[in-house]
Amino acid sequence: FFFVNPCMIGLRLLIMLSLAVSYGLSFRVPIKINPSRGFKSSITTLSSAASSIRTADTVKIKNLKKFEDSLEGRDLTLKGWVRTVRKQKTLTFVELNDGSSLSSCQVVCDHASLPEDVVKEAQSLQTGASISVVGALKESSGSKQKYDFQLSSMSLLGACPPEEYPLAKKRHSLEYLRTLAHIRPRTNTVAAVARVRSKLAQSIHRFFEGEEFFLVNTPVVTASDCEGAGEMFRVTTLDLDDVSSVPTKKDGEASGKGADYGEDFFGKPAYLTVSGQLSAETYACAMGDVYTFGPTFRAENSQTARHLAEFWMLEPEMAFTEKNGAMDNVESMLKFVIGRAIEDCDEDLTFFDKFYEKGLKDRLKKIQEQDFVRLSYRDAIEMLKEEIKKDPSKWQFPEVEFGTDLQTEHERWLCESKFSSPVFVYDYPTGIKAFYMRQNESDGGETVAAFDLLVPGVGELVGGSQREERLDVLLDRLDKLGLDKEDYWWYLDLRRFGTVPHSGYGLGFERLVTFITGIDNIRDAIAFPRYPGSAEF
């Protein structure tokens, strides 16, 4: 074994660099620009010998803006897509965006200092073209920005015919952009949504890592219906183009008529999952606290701004935890995620505040600071009845009684008008909730230990419950709902072998994105929205 002194390695590197410069050797020194590891130090700790080697490091525009003082005068490379080109007598201005931030970079082409062919190429650029430019930040003579990017050379990577390019330099409606899902990320709005969505996903993982949860990847193909609603997409390899070839059940079989899925790929009916909850529970009942985060599917024939056929769900499951503990986790998680968005997505949130929801940033900061309201379902119904009585004509669904499933207008009145705060509504009637929710003993099972989190601008964001851990009660519930216990044999085993109180919840990720950004339609919160009649891309 021997000891390697890092100082000696650094010294030898500097000596080698100095010798290389002395002998006029030409080579590149890659300098990775990584702001999470201290961008400034990574470009300022090199010796004068190293800095004398001319390099053209590729940087993201977001880092160019963030560290412009440190980068002034240094040869840099930018790569991106042209937004606009403005031509003047002695200068040409190219607005370049690489998607890393809302801000673009103004590339200045000084006709007097550049070869004629470079000037002509810059002037011929069209919106949408992709280019690579080399230049340096120089102090700007204008008032809009501190620095300009002075062009020294340019390469056209991909032309963009203006007569065919569908994104002209104007503001397009989000409805129109949905027909161009493959190109719409080049717009300010859709790119900003994507950046915020990415940060929210990262923050969710970061939160649960900090809380010592384990990530479990649950299956997309399943044989069971978690919600018991039957609105599922079937998965099959049977040749449906030739109906005559599909095997059918024989007359007299107990399972009835129809296709014989015993001949199918999985040997039984299979579906795209509506939830990873049941699978996640198996790991919670062995490892404590877990979560799953992935795509789920609902075959609901719904064309509203709040529903998708394919969407992402965050689903934590917590062993040895009751309903109140699950609500505590929801509140902590949301406040953490909102805090990260405020800190890391300020430019994009400012954009949404300006163009989509005035006061968005103040709303998010307020939510982060306030305690969420907790309200029983019975109390919520009484409050709604009193309010509706004042003017029933204002309401689309004026009839509310115990057993009524709350509609969006009811949810939003509670969290927007009544409390101006996120609201947990808990202890719902058993008859309107899923089979796996724990029946409350205090009222003889009339209600279950379920909760929904209602948030301003959206309505229901989270749905959760304490899970039914008592085998006899769960079996009775399955019987009453007419669900086949054989489909849930493995789920019932969790109650036979070392059952424990446990709770969990599901958060619709796209609804969270709309809540954080102020975007109205959930179809703009996911890259390629799937809904009835739409699976183009």
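When you read off a place in the sequence shown, starting at 1, and then add 9, the result is the number in my numbering.
We put the beta carbon where it would ideally sit given N, CA and C, even for glycine.
Start and end residues, alpha helix (DSSP H) containing Gln-396 = Stepping through the sequence shown from its first residue, residue 396 is reached at position 387. As written in the sequence, residue 396 is Glu, which differs from the Gln given in the question. Unbroken alpha helix (DSSP H) run through Glu-396: 386-399.
DSSP three-state assignment for Thr-101, whether helix, strand or coil | Here the question's residue 101 lines up with position 92 in the sequence shown. Correct three-state label for Thr-101: strand.
Where does Tyr-540 sit, in a helix, a strand or coil, going by DSSP?
-> Position 531 of the sequence shown holds residue 540. Note: Tyr-540 maps to strand in three-state DSSP.
Can you tell me which of Ser-79, Tyr-185, Leu-186 puts its alpha carbon nearest to the alpha carbon of Lys-147?
-> For the purposes of this step, residue 147 is identified with residue 138 of the sequence shown, where counting begins at 1. When each option's Cα is compared against that of Lys-147, the closest is Ser-79.
Quick one: complete alpha helix (DSSP H) runs, 4+ long, within the stretch 223-283?
-> none
Runs of beta strand (DSSP E) wholly within the stretch 417-505 (minimum 3 residues, chain order) = 432-438, 456-464, 468-475
Would you decide whether Ile-441 is buried or exposed? Buried here means 16 or more other CB atoms lie within 10 Å of its CB.
-> Position 432 of the sequence shown, counting from 1, holds the residue named residue 441. Burial call: exposed.
Rounded to the nearest angstrom, how far is the Cβ of Leu-87 from that of Val-68, given a contact under 8 Å?
-> Translated into the one-based positions of the sequence shown, residue 87 becomes position 78. Translated into the one-based positions of the sequence shown, residue 68 becomes position 59. Confirmed, about 7 Å.
Which residue from Leu-463, Lys-155, Lys-403 puts its Cα closest to that of Leu-415?
-> To locate residue 415, count along the sequence shown from 1; it is residue 406. Selected option, being the one with the closest Cα: Leu-463.
Quick one: Cα of Glu-378 to Cα of Arg-243, how far?
-> Position 369 of the sequence shown, counted from the first residue, corresponds to residue 378. Position 234 of the sequence shown, counted from the first residue, corresponds to residue 243. If I take the Cα positions, the gap works out to 44 Å.
Going along the chain, which residues of its own chain have a beta-carbon closer than 6 Å to the beta-carbon of Gly-542, five neighbours each way excluded?
-> Stepping through the sequence shown from its first residue, residue 542 is reached at position 533. So no residue of the chain qualifies.
Would you mind sorting Gln-448 into buried or exposed? The rule is 16 or more other CB atoms within 10 Å of its CB.
-> The residue labelled residue 448 in the question sits at position 439 within the sequence shown. Burial call: buried.
Apply the 10 Å Cβ neighbour rule to Ser-253 and answer buried if 16 or more other Cβ atoms are within range, or exposed otherwise.
-> Taking the sequence shown and counting its residues from 1, the one referred to as residue 253 is at position 244. Result: exposed.
On the premise that Pro-438 lies in contact with Thr-417, defined as a C-beta separation below 8 Å, what is that separation, rounded to the nearest angstrom?
-> The residue you call residue 417 lines up with position 408 of the sequence shown. The residue you call residue 438 lines up with position 429 of the sequence shown. Not a contact, Cβ separation roughly 19 Å.
Taking the C-alpha atoms as reference points, what is the distance between Asp-273 and Ala-308?
-> Numbered from 1 along the sequence shown, position 264 holds the residue referred to as residue 273. Numbered from 1 along the sequence shown, position 299 holds the residue referred to as residue 308. Approximately 21 Å, taken between the alpha carbons.
Going by the beta-carbon positions, is the gap between Ser-430 and Phe-381 smaller than 8 Å?
-> Walking along the sequence shown from the start, residue 430 turns up at place 421. Walking along the sequence shown from the start, residue 381 turns up at place 372. Yes, these two residues count as a Cβ contact at 8 Å.
Which first and last residues belong to the alpha helix (DSSP H) in which Thr-523 is found?
-> Translated into positions along the sequence shown, residue 523 becomes position 514. Note, Thr-523: alpha helix (DSSP H), 518-526.
Does the stretch 287-303 come within contact of the stretch 521-531, defined as at least 3 CB pairs closer than 8 Å?
-> no
Inter-residue Cα distance where the pair is Ile-351 and Ala-314 = Numbered from its first residue, the sequence shown carries residue 351 at position 342. Numbered from its first residue, the sequence shown carries residue 314 at position 305. Roughly 25 Å between the two C-alpha positions.
Applying the criterion that 16 or more other CB atoms from any shown protein chain within 10 Å of the CB defines a buried residue, is Glu-545 buried or exposed?
-> Indexing the sequence shown from 1 puts residue 545 at position 536. Exposed.
Which runs of the alpha helix (DSSP H) fall wholly inside the stretch 282-335 and span at least 4 residues, in chain order?
-> 286-296
Tell me whether Ile-140 sits in a helix, a strand or coil according to DSSP, three-state version.
-> Reading the sequence shown from its first residue, position 131 is the one you call residue 140. The answer is strand: DSSP assigns Ile-140 an E or B state.
Please state whether DSSP places Ile-531 in a helix, a strand or coil.
-> Numbered from 1 along the sequence shown, position 522 holds the residue referred to as residue 531. Residue state, collapsed to three classes: helix.
Helix or strand or just coil, what does DSSP make of Phe-411?
-> Reading the sequence shown from its first residue, position 402 is the one you call residue 411. Phe-411 falls in the coil class under three-state DSSP.
Bridge partners - Glu-148, DSSP secondary structure assignment | Within the sequence shown, numbered from 1, the residue matching residue 148 stands at position 139. Note: Glu-148 sits in a beta bridge opposite Tyr-156.
Have a look at Val-409 and Ala-389 and give me their C-alpha separation to the nearest angstrom.
-> Taking the sequence shown and counting its residues from 1, the one referred to as residue 409 is at position 400. Taking the sequence shown and counting its residues from 1, the one referred to as residue 389 is at position 380. Rounded to the nearest angstrom, the two C-alpha atoms are 10 Å apart.
Beta carbon of Gly-468 nearer than 8 Å to that of Ser-284 = As a working mapping, residue 468 is identified with position 459 in the sequence shown. As a working mapping, residue 284 is identified with position 275 in the sequence shown. Contact: no.
Figure out for me which residue from Asp-436, Asp-355, Pro-401 has the closest Cα to the Cα of Ser-385.
-> Along the sequence shown, one-based indexing puts residue 385 at 376. Closest option to Ser-385, Cα to Cα, is Asp-436.
Inter-stretch contact at 8 Å, needing at least 3 Cβ pairs: the stretch 177-186 / the stretch 160-167 | no
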